[in-house]
Amino acid sequence: MTTEPDISTVLAEIWAELLGLDEIPPDSSFLNLGGDSVLAVRMSALVRRKLGVALALSDVRVEITLAELTDLVARRSTGASSGRALPVEVSRRPDPSAPFPLLPLQQGYFVGQQDGWELSYESAHHYVDIGLTDVDPDEAPEALQDALRRLVQHQPTLRARVLPDGRQRILAADDPDAVPTVEVIDLRDASEDEANATVAAIRSQMSTNGPDPAHGPGMTMRLTLLPGDRARLHNAVSLLIIDGWSSNVFYRDLFALVADWNAMLPPLEVDYGDYVTSVATLPDTDAWEADRDWWWDRLDEFPLPPALPLVADPRDVRPELMGTRQTTVDAETWAAFRKQCTAHGVTPSAAMFTAYAIVLARQAGHRRMLLNSLQLNRLPLHPDVHRIVGAFASTMLIPVELAEGATFAELAADNQRRFSESAAHNLISGVEVSRELGRRRGTHRPVAPIVFQSTLGMDAAMGERVPDTAGPLGRIDMADHHQQLRTPQVALEVRMFELRDEMYLVFSLVDELFDTAAVDAMFRELTGIVHTLAEPGSWQAPVALPEAADAPESEELRIGRYERQDRTEEPGAPRTDLERTIAEVWEEMLAISGVDRAADFFALGGDSLLAVRVLGKLAREKGIAVAVRDFLEAPTISGLAALAAPER
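Basically my numbering = 1-based index in the sequence shown + 511.
Shown next, in the form of structure tokens:
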């Protein structure tokens, strides 16, 4: 007769697997042993699979010890815990081809592609090309196309299409339009200059003309064969179908399939559509309402974004491509930095967030600011969630208050706490919080256009790295890459990720908004802070910060300080046939009656996705055509009628 291992033994085995350790001290925290918030997601999924206990991310903060987690799981398994488990379950949809909603961040990207936001693009997408050596030029193209075909069959999201009404659906695996065709460019006989020029042209074209799943596949791929058995793999992918975590899953599985014609990926028990359909029920739960109330109670105290000086109003800018600054922190320095993080009880992401906030504060001239953080927000509803390709990512607004005279260790610990508190209320997304904040501030302009994104620790959380070789594709040098990003509503974003023990630090920004010298100085300063913080004792020095807590008064054009147009519509019932026609559609779509001609669409409960649907319905059925961006400037019945009047 065998007995099942006790809870503490199973949890210790899970931690050992995730952290790569032989022994787990029960009183050491997950953080101090090398864990972070990304690994905590996978830990929750493993607890669910091996012990049958559902945990919320709020249950497993990175500061938790093995003994504390053991007690929590024991109480949760007997129903004695006063905490909350995730309030939804995920299961297979009865009809895999049925449309399902877009998640909030997907909605933001979709609306941006309708030119609905400032700083919008025709396609929200990420482009990257990767260097390959020792390529078999005769076998590689066919092997790559076959691997992509098999991966598209395995990962339904790669077959996703976005519908005009802002929903998404999955094409059947045998649909002739499901698999993108890999375009092969043969430059093996070209001169070095000709090859370089062609690669540069491909980069420019694929960076500025991205895929759009509203009109076809959400990705485009090319393989450029170069002299000397070299090649470059070019890939552009819509942010409507893939996030940062999914990108790693995609390349890991793609290269595994290229390397072995007979490879079989473990089947997925649930897919992205199942997950989205499940989380779409969250607003009907008490847990979601509790998270909403937590955020809503704090919104009126949120500061403005960092008041970075601008050289142009975002309303007037029409960017085609985001500018890029990129550098690499060597393995030795990065290891020393992470060692200091562990010694001070903070994650590398929290430390980098703090360093970024310090640089922003010095440039903006104030210490309180609102930042936007992109999160790999995969709720651990099923053990397969971390293996699924999809646009799971969400945003989280973080109000920052850098205390004057504090050491870096104190500032980082405070930001670690803020991250933990906010992540504990992650059932409502930052997109939804931003919408409410915009309503309260009476603006439809971006409320948090300065962004922080970290995927540090992703390889450990996934359990394996992207391989170094892929059969006929040869050796893969992920460090030899070129990338471009286009995301709507973002003025400046810092991104950081790890490759082969080095840390890559990237600025993506709308160059037209900023003084080039100022951006370059900020990037150099942030890089310098990383190197300084790798040194022992550097965390205990007081940080030089501006005296002002909030942005000083100034007539200068800055982030968060935009002049708004004053509207003077007279309230009352709709006055003209055009206004009455618009009112009928509003009342139908908003499920209200007796709407005032001067009432704000968003104050009535509308959001950006519903605005797109309303404008689409007016155009299709009533012949009233108004651009989304113009509507955001005058979101009332009278304003919409005034915009449409010249067309009638």
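Beta carbons: idealized from backbone N, C-alpha and C, even for Gly.
Nearest to Arg672 by alpha carbon, out of Ser718, Pro722, Asp1118 and Pro615?
-> With distances taken between Cα atoms, Arg672 lies closest to Pro722.
Is it right to say Val1001 is buried, meaning 16 or more other beta carbons lie within 10 angstroms of its own, or is it exposed?
-> Under this definition Val1001 is a buried residue.
Pick out whichever of Leu530, Glu1064 and Thr1147 has its Cα sitting closest to the Cα of Glu1098.
-> Of the candidates Leu530, Glu1064 and Thr1147, the one whose C-alpha sits nearest the C-alpha of Glu1098 is Thr1147.
Going by beta carbon distance, what residues of the same chain come within less than 8 Å of Leu734, once the five residues before and after it are set aside?
-> Cβ within range, chain order: Ala651, Pro652, Leu655, Val693, Glu694, Val695, Ile696, Ala742, Arg743, Leu744 and His745.
What does Tyr638 pair with, by DSSP beta-bridge criteria?
-> Tyr638 pairs with Ala747 and Gln995.
Assigned secondary structure, Ala1155 (DSSP; H/G/I helix, E/B strand, else coil) | Helix, per DSSP.
Do the CB positions of Ala1029 and Pro820 come within less than 8 Å of each other?
-> Their beta carbons are under 8 Å apart, which means Ala1029 touches Pro820 by this criterion.
Asp1111 versus Tyr1015: straight-line alpha-carbon distance, rounded | Roughly 44 Å separates the two Cα atoms.
In the DSSP assignment, find the alpha helix (DSSP H) that holds Tyr1015 and state where it starts and stops.
-> No alpha helix (DSSP H) holds Tyr1015; the beta strand (DSSP E) holding it covers Glu1013 to Leu1020.
Alpha carbon of Glu1162 to alpha carbon of Ala934, nearest angstrom | An answer regarding residue 1162 cannot be provided, because it is not within the stretch 512 to 1159 covered by the chain.
Would you tell me roughly how many angstroms separate the C-alpha atoms of Trp807 and Gly619, rounded to the nearest one?
-> Between Trp807 and Gly619, the C-alpha separation is close to 20 Å.
Residue from Ser1119, Asp1022 and Ala920 with nearest C-alpha to Pro1053 | Nearest option by C-alpha distance: Ala920.
Taking only the alpha-carbon atoms, compute the straight-line gap between Pro607 and Gly784 and give it to the nearest angstrom.
-> Going by the C-alpha atoms only, they are around 7 Å apart.
Which value, in whole angstroms, describes the spacing of the CA atoms of Leu562 and Asp533?
-> Between Leu562 and Asp533, the C-alpha separation is close to 21 Å.
Run through DSSP, which three-state label would Pro1063 get?
-> If DSSP states are grouped into helix, strand and coil, Pro1063 belongs with coil.
When we look at the beta-carbon of Ser945 and count the other beta-carbons within 10 Å, is it buried (16 or more) or exposed?
-> Burial call: buried.
Host alpha helix (DSSP H) of Pro652 (start-end) = Element bounds for Pro652: Ala651 to His665.
Within this structure, are the beta carbons of Val573 and Leu542 separated by less than 8 Å?
-> In contact: Val573 and Leu542 (Cβ atoms closer than 8 Å).
Cut-off 8 Å between Cβ atoms - residues of its own chain near Asp518, not counting five sequence neighbours on either side = Before going further, note that residue 518 is Ile rather than Asp in the sequence given. Result list for Ile518: Leu562, Thr581, Val584, Ala585 and Ser588, in chain order.
Ends of the alpha helix (DSSP H) at Gln874?
-> Residues Pro859 to Ala875.
Cα-Cα separation, Ala684 to Ser789 = Our two residues, Ala684 and Ser789, have alpha carbons roughly 22 Å apart in a direct line.
Classify Ile909 as buried or exposed, calling it buried when 16 or more other Cβ atoms lie within 10 Å of its own Cβ.
-> So Ile909 ends up on the buried side.
Could you check where the beta strand (DSSP E) with Gln679 kicks off and where it finishes?
-> Arg678 to Ile681 is the extent of the beta strand (DSSP E) around Gln679.
Simplified DSSP state of Glu1058, which is helix, strand or coil = Secondary structure of Glu1058 (DSSP, three-state): coil.
Apply the 10 Å Cβ neighbour rule to Arg559 and answer buried if 16 or more other Cβ atoms are within range, or exposed otherwise.
-> With 16 or more Cβ atoms within 10 Å of its Cβ, Arg559 is classed as buried.
How about Asp1026 and Val822: do their beta carbons lie closer than 8 Å?
-> Taking the C-beta atoms as reference points, Val822 is found nearer than 8 Å to Asp1026.
Chain B beta carbons: is any one of them nearer than 8 Å to that of Glu1013?
-> In the structure shown, chain B cannot be found, because there is only a single protein chain.
Just the C-alpha distance for Leu597 and Leu815, rounded to the nearest angstrom, thanks.
-> Counting only the Cα atoms, Leu815 lies some 32 Å from Leu597.
State the start and end residues of the unbroken beta strand (DSSP E) segment that holds Ile1040.
-> Not the beta strand (DSSP E): Ile1040 falls in the alpha helix (DSSP H), residues Thr1027 to Leu1044.
Skipping 5 residues on each side, what residues in its chain have a beta carbon closer than 7 Å to that of Asp482?
-> Here the chain has residues from 512 to 1159 only, and residue 482 is not among them.
Where the alpha helix (DSSP H) through Thr796 begins and ends | Premise fails: Thr796 is in no alpha helix (DSSP H) and is neither H nor E.
Pick helix, strand or coil for Ile518, following the three-state DSSP scheme.
-> Ile518 sits in a helix when the DSSP states are folded into three classes.
Beta strand (DSSP E) runs wholly inside the segment 883 to 942, at least 3 long, in chain order = If you keep only unbroken beta strand (DSSP E) runs of at least 3 residues inside the segment 883 to 942, you get 905 to 912.
Helix, strand or coil: which one does DSSP assign to Gly563?
-> Coil, per DSSP.
In the DSSP assignment, what are the bridge partners of Met730?
-> Note: Met730 sits in a beta bridge opposite Val748.
Tell me, which residues are paired with Asp697 by DSSP?
-> DSSP lists Leu736 as the bridge partner or partners of Asp697.
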